[in-house]
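Chemist: Sending over a structure as structure tokens; questions will come in a sec.
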Amino acid sequence: MGMRHGPRGMFGGKDKRSRPIRVLLGRMFGYLGRFKRIVTIGAILSLVATIVSVFDPLILSIGIDLVADGNSTFNTLLMLIGLYILIKVTAWILFGVNTWILAGAQAGFVQNVQEDVYNHLVEADLSYHKSEQSGNVTSRVTTDAVSLGTGVQVIISFSSQILMIISSFLLLWFAAPALALTSLVVIPGVAFVAVLFGTVGQRIMLASQRAAGKVSGQIAENLSGIHIAKAFNREKELAEEMLELNQQSYKHGFRFMILMSAMQPLVRSIGQFATAAVLFVAGALAVGTLPVLTIGQVFLGVILVGRFMWPLLMVVMSFAQVQASMAAMDRVSDVLESTPSIADSELAISLAEESDGISFEDVTFSYVKDTPVLKNVDFSIAPGEMVAVVGHTGAGKTTLAALVNRFYDPDSGRILIGTQDLRETTLDSLHNTVSLIPQEPYLFDDTIFENIRYGRPGASDEEIIELCKIIGANEFIEVLAEGYETIIFESGKNLSAGQRQMITIARTMLADPKILILDEATSRLDAYSESLVQDAQEKLFANRTTIVIAHRLTTIANASRVFVFDHGDLIEEGTHEELLALNGTFKSLYDTYYAHQGFEELTEEAAETAKEVVKDDTKDAVPAGPGMMGGHGGMGGMGGLGGMMGMGGPPDPEKMKEMIKNMSPEQRKQMLAHKDMLPPPIRELLEKLESGEES
Amino acid sequence: MASNDNGISKTKSPSRYMLGGLIRHPLSITLATILTVVSILLVTIPTVIVGLAVDELEVGGLSTQFVNYVWLIVGLGLLYMAMYFVVGYIWAVVTLSWERDARQDFFEDLQDYSMTFHDEVDSKRLLSVAMQDISWVRFSLNPALRNILGGFASIIITGVLLSIIDQTPGLIVLFVIPFINVPVGIFTSIILVGTPIYLLYAYKYANAVEPVRRQRSEVMENLTSRTQGVFQGIEVVRAFGKEEHEQAKFGEVSKQYEKRVAREGQLAAFYLPALILTAMTTIAFFYGGYSVWTGIITKGTLIQILGLLVALEMLNFQLPHMLLMMRGGFVNAQRIVDILSWKEPMIEPEEEVAEINWLGDIEFNHISFKYNTTNGNNDHYALKDLNIKIPGGYRVALIGGPGGGKSTVLKMLLRLYDPTEGEVRIGDVNLRDVRTSTVRDNVGLVEQDIFLFRMTVHDNIAFGRPDATREQVEEAAKRAQAHEFIVELEDGYDAMIGERGMTLSGGQRQRLAIARALIQDPKILLLDDSVSAVDAQTEFLMRKALDEVMVGRTSITVTQRLRTLIESDLVIMLDKGRLIDAGCHDDLLRESELYRRIFERLPGAKALLAGVAIKGGAQ
């Protein structure tokens, strides 16, 4: 593997929005619309609850006036108490029901967004995935969706806070307009806090997030390179670097925290000033010969002003959160609005059972307009044929593989499997027939069993073990800590490159595709592992139509034909020997990239020639596509025996048994004579047959 | 969390871990707590003053005294602002420096753990613990604990103020138990009885949410890793036509997540403690109202009582949230402590052998090795009874099947692992008796998946020796055949290498790694030379670099290059954790069936194989 996907920093993403807030809010409510009834009920409950809860200080204030009056009875007091309890309990129940309902709706909302976004992403064009880091793509589904959920919550509580403020104000207004007006003294204070947090606060917060992001990135990198730090005894220096970043993050975090810590005393003391103001005004109005206010109303004024503060503060604070979730909605919208360019056409039919072989008819393709990557490519590969594709970087090899898988459609010309145009077949049936092994063996974070079973869900454990025995993967899997149940993580950091490749081979064999596209892997194995992987691949390739993007000498040497691509053109084709005899592009490619993989000494002269070739063809010395997996091999080395094994076809144990059973006794004897060269399972089978255990 | 039983570890309880930062600054925290109490007093007292002012209003109208009360409230507000800011400041310093140090310590502990740990634990998880869990623990201290303390202070101060009001003549109720009259202050009792009930229910509430919160985080983790896996491997998903399958699976997981989120949100509904506060206010209202009615207390006093209790209700806004945050922080602390209490199986020797001949023979004596498992009963060995002797100064090629044990052998020589059984000896010294740092000074590595840091080219090479000068770095680069391409980079030796070295080709990366090893100048060099396919020019340079780096050392190379096999003094073949063959190329070609397989597919192989006397069945 050229690189593994280590963990990445956890912060990031664009901050600028590209859509107006109206559109984003609209989309948000569009989703909420799916829960229309529930949200409506919630809103009504919330409205009622807020109004009810505003009245409880009123009861208290009336109580104060009444009990002091002297005319009231004990029963009046009891009645007021009853009313107070009623209001409190009603409000509590209403708020509770409301919270209950909205929690469900909010969770449902998040789930809806997640599923929509995920479904879009799974079907999004491959180019999108290629251009984005997988961590970023994932955060569309996780962080962004959750942030949207928070946004919804904030908006809902925002409206209930506003409602609370308005109704408190109105209550105060009806009780004493002068007090209501006095309570407005808090506005400049709150405005000041709002502006402070909107500007300075925002900036400090972003800086602090960036600093934390750096720490996160550094930890991620150092964990990925831990073996190097250890091998070179450099833990201490790395820790010092970390300390520096940590200190930076502390500094920014501290600023932010100070600001946050200042907020509470600020708002509370503003509240206290307001209390003083209201008390003064109320006092002035409550005395004299014609008191405008009762003592109870003074109390009411003081309490209600106190009540203003928290909702106001929350409203101010929620702006930042609403902004964040609008940005999330914007990113999510990018995903939802993109339509995949590859989809089943309405007339698409399944790929027929007998369709096999690949034809390109005058295919031209470009990723970017007017810079074709493939130009008028025309060829046809017979069913069961194995073709190797070679060429410099940028010759169009990987594109070729992507086109057969219909990750993209050609600009002009057509691609056929059998006689069916890819664009007229269903993607589902195409992918059942054609299998691609990408350059980097990719494994999911799951057990080895599940990774192999990916090729065919429903395959039993026994089938998988049997298959692994045939390709020689069983031994190493069994030695792993948990055998087949070993969980693979970080695309297989707990496995060697060879093990990863063997597992991908097993997976593809289980899927048993008719057509195979193999982009030879980026990492080389040691010489012996490679010979084992090649054995396994021979079994995989047998009798399948196969295109291999070849990096290995052995692959080329054993292909039935080799296609030579140059700048998007198919310029030479033929067998390895034929092409060498041509002494053309292939010869120079061969000398540059493949010859030295053999056992001959590499001379300085050959190196010099290679340098020229590479210089001519590419800007800098980039290797011919990073890497290689054990090529695939024809049957050459095995002589007559190999040919026979080649006929074995897909290494389904049943089929293999069938094949061996159908052999003539002479053939079996011949095989047994060389049984040491046979893989153990076949040997066992043969021996069984010979000893007459199975007939 | 994987762990084993025979190692060392430093276990701490989660609560100790959580409070560790506060304990370290006892004075600051005490000061902050005192200031918290005082400042809460400063915001509570105005309620009392309002009551006094109202009484003054009824007696003296808009008197100077009344105006003074108003100013007093303003003054106390200012004082509070200043004081509470100091509280915030102290807490910020204490908790944020705790967070910084906790993260640093956590990172350093991870770095110190042997590779056994890093092979077992997903680094994604480590990262999220280092960043998020530690942050959450800090949240549980500040703002959560800070606000909870503030809440407690409010309750206590309210209680004290109410008990003062209780002293009003005539307000105390005498409960007559035979022979003793027990004076009971009703308002004090409201606080004394109500508060514990309130706290009990609040605690219950926070506890109920804990398992839900934990499950929610687990489902989220699962969802994230699934999703990321699918997007990383989207080509595989497509190639197998598994889009719908993945969508269905995701639908399931996200529905699970929905359930947990809804459950957690619904727990917040019907916050029972709120009702308890209401009950307290109601009783106070009743008794206070009654007392005013009977003329024992004034309106102002009633206003004081109600004002105090209504202010207490404001706690309902924050307290449940803060309690959850604190309880949640405990869960996070548990996760951190779990990782920190991993038992290190690799033990450094107390005293190390002084004189070691690193160029001496390397011996593997009956080495067996098995990996740790979570359930502890793994009977599969990665290496089984391995016996090899490598003469000092030899060039050795190491090859073997996938999972055959090659990388385990290399890691043991670096003492990244110790063998489960048997011993590795270098120059007749058991490696267990040598400190890991000494081993790694003398044993160098050029790994397969070349890892370069996001530093300059110079720093990456000097990684092998921190104090290296530019001349030494250049010298190493020249010998590694890397100088030529480095000077062609835009900033030469000061060029920053992109993330994970992606801006360089495989061959260039390998030559940088060779330079890094050269400058370290180890006596034993381990190379995993199985890198990407390269053109002949690059290959030629790499071979030259390798030749250069191997001079005067014992080298062990896991290799793809057939030439290396031919040129090695010794080829060791491992499979399934056992030694299957060893010898020089010519001998092996003659004697080993398996070794011959390597060459069989090559063009011209027949001639080569025919050239040696073969016993066995190839033609």
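Chains W and H supply the protein sequences, listed in that same order.
Residue numbers in the first sequence follow this note's numbering, run continuously in steps of one, and reach 805 at the last position.
Residue numbers in the second sequence follow this note's numbering, run continuously in steps of one, and reach 787 at the last position.
Using N, Cα and C, we set each Cβ at its ideal position, and we do this for glycine too.
#1: Using DSSP with H/G/I as helix, E/B as strand and the rest coil, what is W:Arg524?
#2: To test your reading of the DSSP string, which unbroken alpha helix (DSSP H) runs of 4 or more residues are found completely within the region 178-258 of chain W?
#3: Using a Cβ cut-off of 7 Å (strictly closer), state whether H:Lys744 contacts chain W.
#4: Going by the CB atoms, is the gap between W:Val377 and W:Glu392 shorter than 7 Å?
#5: Could you spell out where the alpha helix (DSSP H) holding H:Asp789 opens and where it closes?
#6: Could you tell me the alpha carbon to alpha carbon distance between W:Asp454 and W:Leu513, rounded to whole angstroms?
#7: Identify, in the order they occur along the chain, each residue of the same chain with its Cβ nearer than 7 Å to the Cβ of W:Phe205, setting aside the five sequence neighbours on each side.
#8: How would you write the range of the beta strand (DSSP E) that W:Met496 sits in, first residue to last?
#9: Could you please give the first and the last residue of the uninterrupted beta strand (DSSP E) stretch that includes H:Leu693?
#10: Can you tell me whether W:Asp531 is helix, strand or coil according to DSSP?
#11: Does the Cβ of H:Phe631 have 16 or more other Cβ atoms within 10 Å, making it buried, or fewer, making it exposed?
#12: Distance cutoff 7 Å, beta carbons only. Does H:Gln415 sit that close to anything in chain W?
#13: Are W:Gln382 and H:Gly245 closer than 7 Å when you measure CB to CB?
#14: Can you list the residues of chain C that W:Val251 reaches, using a CB-CB cut of under 7 Å?
#15: Which class does H:Lys292 belong to by DSSP, given the choice of helix, strand or coil?
#16: Check whether the region 325-337 of chain W and the region 285-298 of chain H are in contact - that is, three or more C-beta pairs closer than 8 Å.
#17: Excluding five sequence neighbours on each side, which residues of the same chain lie with their C-beta closer than 6 Å to the C-beta of H:Val614?
#18: Using the C-alpha atoms, what's the distance from W:Pro167 back to W:Ile195?
#19: Within 7 Å of any Cβ in chain H, is that where the Cβ of W:Asp538 sits?
#20: Between W:Glu600 and H:His548, is the Cβ-Cβ spacing less than 7 Å?
#21: Can you find at least 3 beta carbon pairs, one from the region 711-720 of chain W and one from the region 706-723 of chain H, that sit closer than 8 Å?
#22: Tell me which residues share the same chain as H:Thr624 and place their Cβ nearer than 8 Å to its Cβ, disregarding the 5 neighbours each side in the sequence.
#23: Would you give the residue range spanned by the alpha helix (DSSP H) that H:Lys557 belongs to?
#24: Beta-carbon within less than 8 Å of H:Val405's beta-carbon, same chain only, minus the 5 sequence neighbours each way: which residues are those?
#25: Given W:Asp701, which residues of its chain have a CB within under 7 Å of its CB, disregarding the five upstream and five downstream residues?
#26: Determine the contact status of W:Leu190 and W:Ile169, defining contact as a CB-CB distance below 7 Å.
#27: Assuming H:Pro182 is part of the alpha helix (DSSP H), what are its boundary residues?
#28: Identify the contact partners of H:His548 in chain W, using a Cβ-Cβ distance below 8 Å as the criterion.
#29: Would you call the CB atoms of W:Ser293 and W:Ala434 closer than 7 Å?
#30: Could you pull the DSSP bridge partners for H:Glu516 from this structure?
#31: How many Å lie between H:Asn610 and H:Trp526 at the Cα?
#32: What did DSSP end up calling H:Met664 once you bin it into helix, strand or coil?
#33: Can you find a CB in chain H that lies within less than 7 Å of the CB of W:Arg654?
#34: By the criterion of Cβ-Cβ separation under 7 Å, what are the contact partners of H:Gly457 in chain W?
#35: Tell me the residue span of the alpha helix (DSSP H) that contains H:Met482.
#36: Count the other C-beta atoms from every protein chain shown that fall within 10 angstroms of the C-beta of H:Tyr237, then say buried if there are 16 or more, exposed otherwise.
Modeler: For this structure:
#1: Per DSSP, reduced to three states, the secondary structure at W:Arg524 is strand.
#2: 184-233, 236-241, 244-249
#3: yes
#4: The displayed chain sequence assigns Ala, not Glu, to residue 392 of chain W. For W:Ala392 and W:Val377, no; Cβs fall outside 7 Å.
#5: Chain H is shown from 169 up to 787; residue 789 of chain H falls before or after that span and cannot be answered.
#6: 15 Å
#7: Ala159
#8: 496-500
#9: 692-697
#10: strand
#11: buried
#12: yes
#13: yes
#14: Any reference to chain C falls outside this structure, whose protein chains are W and H.
#15: The answer is helix: DSSP assigns H:Lys292 an H, G or I state.
#16: yes
#17: Ala681, Ile682, Ala685, Leu695
#18: 12 Å
#19: The C-beta of W:Asp538 comes closer than 7 Å to at least one C-beta of chain H.
#20: no
#21: yes
#22: The residues are Asp659, Tyr661, Asp662, Ala663, Met664, Ile665.
#23: That residue, H:Lys557, is in no alpha helix (DSSP H); its beta strand (DSSP E) goes 551-558.
#24: Contacts found: Val398, Glu411, Glu414.
#25: Ala716, Thr719, Ala720
#26: yes
#27: 182-192 is the extent of the alpha helix (DSSP H) around H:Pro182.
#28: Ordered by position in chain W, the residues that pass the 8 Å Cβ test against H:His548 are Glu588, Val589, Leu590, Ala591, Gly593.
#29: no
#30: The partner list for H:Glu516 (beta bridge, DSSP) is empty, contrary to what the question assumes.
#31: Between H:Asn610 and H:Trp526, the C-alpha separation is close to 7 Å.
#32: strand
#33: No, no contact with chain H.
#34: Gly173, Val177, Leu187
#35: H:Met482 -> no alpha helix (DSSP H), and no H or E assigned at all.
#36: It is buried - the Cβ of H:Tyr237 has at least 16 other Cβ atoms within 10 Å.
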